[in-house]
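Top to bottom, those sequences are chains A and B.
Terminal number for the first sequence in the working numbering: 1392, no gaps in between.
Terminal number for the second sequence in the working numbering: 769, no gaps in between.
These notes are about the structure you will find just below.
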Amino acid sequence: MRSASVNSSSPTDQSSPLPQLSIRNVSKVFPGKRGLFNKLSGKTSRDFVAIEDISLEIEPNTFVSIIGPSGCGKSTLLNMIAGLSSISEGDILLNGAPITGPGPDRGMVFQSYALMPWMTVEENLRFAVETVDPTLSTKGANRIIKEYIQLVGLTGAERKHPHELSGGMRQRVGIARALAINPQILLMDEPFGALDALTRGFLQDEVERIWEQQRKTVIMITHSIDEALLLSDRIVMMTRGPAARVDEVLEVPFPRPRNRETIEQHPAYHALKAEMESHLFRETRAVEEARMSR
Amino acid sequence: MALSNATTGLRRDSKQISIFHNENVRALIVFLSSLGLFLLFWEVGARAEWFTRGVPTASATFKELWWWVTNPFFDNGPNDLGIGWNLLISLRRVAIGYILASLVAIPIGILIGISPVAYKAFNPYMQLLKPVSPLAWLPLGLYLLRDSEKTGIFVIFISSMWPTLINTAFGVASVDKDYLDVANTLGASRLRTIFKVIIPAALPNIVSGLRISMGIAWLVIVAAEMLLGTGLGYFIWNEWNNLSIPNILVAIFIIGTVGLLLDSLFAALEKFVAFGRNS
């Protein structure tokens, strides 16, 4: 899987900012129940169009946030990029090759952390590293595991099980696991959604620090405007579902490395924030109204 | 400053609270006093002949218990066997039947749980056979096997299989989708996913199935042995024929204690595989 994507990445060298990931006219339809059996039992339902005709180009080494009202299909889009969910129409190309299934060229960070409770921190990373590269020597695996535990600041907690860690520490493990397989793209599905506000801010700073070191392409789903502004190079704003589309893509011009105090001084900060707020407010209100009149 | 004062104040308070406010201490007191009352009622009632004639006193029963427990291993023929031998005979039957049942139930449960089609297809069998009383299998076993020893093991086998099978299949079928997504995004093979993710994830369910099965096996053996000739169940049956009520009570107490120990063993095992999950 990995070697295939390395080969196909050669066109990238010809002119530098070619997209690493192209999403081309992608739609997702969840088919309704229309079979004979369902007709007999009176349980038919219509097709549900979650996402309609989304196109997006993502250049290498950019941090992209996807923001939108609840239930707009953000996670569906991310799962399609991850290869966990099938693509109904259109194509998603990674370095020019269409995505057909999940693979270790994309690392995933889950909102629920998705750590194996029976494995220690170290074993969780080892499972990922050894699954992706079974030929790796124990020594080589140990070196990688140590490096990434250090990167996320969990040295000393290697032998602990997830239930002995705080939510913030668990998500650090989740991030370390996703990065330890050295993916081309890091996918994060509301990575801080389950954390309290203070831990969330702390972990956002950590992600900013790690991103400065690694500069991987990141696609992050978020509900938080501040989070998106702190971390992203581009912010993709989606409309409400069903048939969600990309409404607008904002460029975030703040210089890096960033921290939350200095970005607020930037002249563009308040205009960007106001624009995002009005977009989210409008979409969320429309969702609520649609729900009431249904 | 105020905070530290408050915490020290709290600590001083908790020191002054008497040990009788501890929930465990209070539960122990209630337990001991209710036990004392019960034994007193039994002793007085038996002496005053409030119950059916022939009911032994508590003290006589305890004397018997002490005698059986201190002389567990003697052998004066099948109808006069030490309780230790009978216990070992019963435990051996349970162990063979139960281990065989587990060796069949766990792999089949995993296979059924992995495939949604198999789960739906085989669920009716499991649901139908689960509520059948273990003793209903006894005549069938005797007819098929023509041997009382094998029939005992067969009944244990067939009746302790279902909880493990059902729990294993359920545990495997309901593994958190996030774990499977992790394995998928890493590109883990099907076999690696099964052994490294699905089975460990289902282990709490498997162990609680094993625990229920063990409870059933221990319940069943006593009933089955009444018809078989040796073991604790036969001991009770034999003492009934001798009309020795104290010995029956002794056997009930020993069966209960052994059952309790076996269950605690599995409770500890459940805790060991839980890793913070509550199931």
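We put the CB at the ideal spot given by N, CA and C, even for glycine.
Name the residue from T1142/A, G1266/A, R1270/A and H1259/A whose alpha carbon lies nearest to the alpha carbon of L1249/A. Your numbering for residue 1249/A matches position 151 in the first sequence. The shortest Cα separation from L1249/A among T1142/A, G1266/A, R1270/A and H1259/A belongs to R1270/A.
So if DSSP puts R1122/A in a beta bridge, which residue, or which two residues, is it bridged to? On the first sequence, position 24 is the one that residue 1122/A refers to. R1122/A is bridged to D1189/A.
Separation of E554/B from R543/B, as counted between CA atoms: Against the second sequence, residue 543/B aligns to sequence position 53. Against the second sequence, residue 554/B aligns to sequence position 64. About 19 Å.
Quick one: list the residues of chain A neighbouring A660/B, beta-carbon separation under 8 Å, in chain order. Looking up residue 660/B in the second sequence gives position 170. Here residue 660/B is Phe; the residue named in the question, Ala, does not match the sequence. The premise fails here: F660/B is roughly 18 Å from chain A at the closest Cβ pair, so nothing lies under 8 Å.
Check whether I643/B and L590/B have beta carbons under 9 Å apart: On the second sequence, position 153 is the one that residue 643/B refers to. On the second sequence, position 100 is the one that residue 590/B refers to. For I643/B and L590/B, yes; Cβs fall inside 9 Å.
Grouping DSSP H, G and I as helix and E and B as strand, with all else coil, what is V1147/A? Here the question's residue 1147/A lines up with position 49 in the first sequence. Looking at V1147/A - three-state DSSP - the assignment turns out to be strand.
Applying the criterion that 16 or more other CB atoms from any shown protein chain within 10 Å of the CB defines a buried residue, is G1355/A buried or exposed? Taking the first sequence and counting its residues from 1, one reaches residue 1355/A at position 257. Gly is not the amino acid found at residue 1355/A; the sequence shown has Pro there. Exposed: under 16 other Cβ atoms inside 10 Å.
Could you check which residue in Y1211/A, I1247/A, A1369/A and E1155/A has the C-alpha nearest to that of E1220/A? As a working mapping, residue 1220/A is identified with position 122 in the first sequence. Selected option, being the one with the closest Cα: I1247/A.
Contact with chain A by N657/B, beta-carbon distance below 9 Å: As a first step, residue 657/B must be located in the second sequence, where it is residue number 167. N657/B does not count as touching chain A.
For G1272/A, does the count of other Cβ atoms within 10 angstroms reach 16, so buried, or fall short, so exposed? One-based indexing of the first sequence puts residue 1272/A at position 174. Buried, since its Cβ has 16 or more Cβ neighbours within 10 Å.
Is A1341/A closer than 9 Å to E1149/A when the C-beta atoms are compared? Residue mapping note: residue 1149/A aligns to position 51 of the first sequence, counting from 1. Residue mapping note: residue 1341/A aligns to position 243 of the first sequence, counting from 1. Note on residue identity: the sequence assigns Ile, not Glu, to residue 1149/A. Yes, they are a contact pair.
9 Å is my cut-off, CB to CB: does L456/B come that close to chain A? Absent from the structure is residue 456/B, since the part of chain B shown begins at 491 and ends at 769.
Distance, A608/B Cα to V665/B Cα: By 1-based counting over the second sequence, the position of residue 665/B is 175. By 1-based counting over the second sequence, the position of residue 608/B is 118. So the alpha carbons of these two residues sit roughly 16 Å apart.
Interfacial residues, the stretch 1126–1157 of chain A to chain B, with Cβ spacing under 9 Å: none
Tell me the rounded alpha-carbon separation between R1224/A and N1240/A. Position 126 of the first sequence holds residue 1224/A. Position 142 of the first sequence holds residue 1240/A. For R1224/A and N1240/A, the distance between alpha carbons rounds to 8 Å.
Leaving out the 5 sequence neighbours to the left and right, which residues in its chain are closer than 6 Å to P624/B when beta-carbon positions are compared? Reading the second sequence from its first residue, position 134 is the one you call residue 624/B. For P624/B, where only same-chain residues beyond five positions count, the Cβ hits under 6 Å are V645, S649 and V710.
Output yes or no for whether 9 Å exceeds the beta carbon distance between D1324/A and V1350/A. As a position in the first sequence, residue 1324/A is number 226, starting the count at 1. As a position in the first sequence, residue 1350/A is number 252, starting the count at 1. Not a contact, by the Cβ cut-off of 9 Å.
Report all residues from its chain with a CB closer than 6 Å to the CB of I726/B; omit the five preceding and five following residues, and keep chain order. Locating residue 726/B in the second sequence gives position 236, counting from the first residue. Closer than 6 Å at the Cβ level, and outside the excluded window around I726/B, lie I738 and A741.
State the Cα-Cα distance for the pair F765/B and T683/B, rounded to the nearest angstrom. One-based indexing of the second sequence puts residue 765/B at position 275. One-based indexing of the second sequence puts residue 683/B at position 193. Going by the C-alpha atoms only, they are around 19 Å apart.
According to DSSP, is T1236/A helix, strand or coil? Along the first sequence, read from residue 1 onward, the residue named residue 1236/A stands at position 138. Three-state result, T1236/A: helix.
Can you give me the start and stop residues for the beta strand (DSSP E) that F510/B sits inside? As a first step, residue 510/B is located in the second sequence; it is residue number 20 there, counting from the start. F510/B -> no beta strand (DSSP E), and no H or E assigned at all.
Which residue spans inside the stretch 1334–1383 of chain A form an unbroken alpha helix (DSSP H) run of at least 4? 1358–1363
Taking the C-alpha atoms as reference points, what is the distance between F1393/A and I688/B? The structure shown does not extend to residue 1393/A, since chain A spans only 1099 to 1392, so no value can be given for it.
Determine whether the beta carbon atoms of T654/B and S592/B lie at a separation below 9 Å. Counting from one through the second sequence, the residue named residue 654/B turns up at place 164. Counting from one through the second sequence, the residue named residue 592/B turns up at place 102. Contact flag set, yes.
Taking any Cβ of chain A, which residues in the stretch 686–707 of chain B have a Cβ under 9 Å from it, in chain order? K686, V687, P690, A691 and L693
Where DSSP assigns a beta bridge to M1286/A, which residues make up the other side? Locating residue 1286/A in the first sequence gives position 188, where the first residue counts as 1. DSSP lists V1207/A and M1318/A as partners of M1286/A.
Looking only at its chain, what residues have a beta carbon closer than 8 Å to the beta carbon of G1251/A, apart from the 5 residues adjacent to it on each side? For the purposes of this step, residue 1251/A is identified with residue 153 of the first sequence, where counting begins at 1. Once the five neighbours on either side are set aside, the close Cβ partners of G1251/A are R1270 and E1304.
Please confirm if the stretch 1202–1217 of chain A is in contact with the stretch 511–526 of chain B, defined as three or more CB-CB distances below 8 Å between the two stretches. no
DSSP on A1255/A, reduced to helix/strand/coil? Position 157 of the first sequence holds residue 1255/A. DSSP places A1255/A in coil when its eight states are reduced to three.
May I ask you to verify whether the stretch 1132–1144 of chain A touches the stretch 1172–1179 of chain A, counting CB pairs closer than 8 Å and requiring at least 3? no
Strictly by DSSP, which residues pair up with S1163/A? Counted from its first residue, the first sequence places residue 1163/A at position 65. Beta-bridge pairing links S1163/A to M1318/A and I1333/A.
Is the beta carbon of G1199/A closer than 9 Å to that of I1121/A? For the purposes of this step, residue 1121/A is taken as residue 23 along the first sequence, with counting starting at 1. For the purposes of this step, residue 1199/A is taken as residue 101 along the first sequence, with counting starting at 1. It is not a contact, given that the beta carbons lie outside the stated cut-off.
Once DSSP output is grouped into helix, strand and coil, what is the label at S698/B? Counting from one through the second sequence, the residue named residue 698/B turns up at place 208. Three-state DSSP puts S698/B in a helix.
Please determine, among E760/B, G749/B, N514/B and G572/B, the residue with the shortest C-alpha to C-alpha distance to V559/B. The residue labelled residue 559/B in the question sits at position 69 within the second sequence. When each option's Cα is compared against that of V559/B, the closest is G572/B.
Pick from W708/B, Q617/B and T675/B that is closest to A585/B, judged by C-alpha positions: What you label residue 585/B is simply residue 95 of the second sequence in a count that begins at 1. Checked all of W708/B, Q617/B and T675/B; the closest Cα to A585/B is W708/B.
In chain B, what lies closer than 8 Å to G1201/A by C-beta? If you number the first sequence from 1, residue 1201/A lands on position 103. The contacting residues are T675 and G677.
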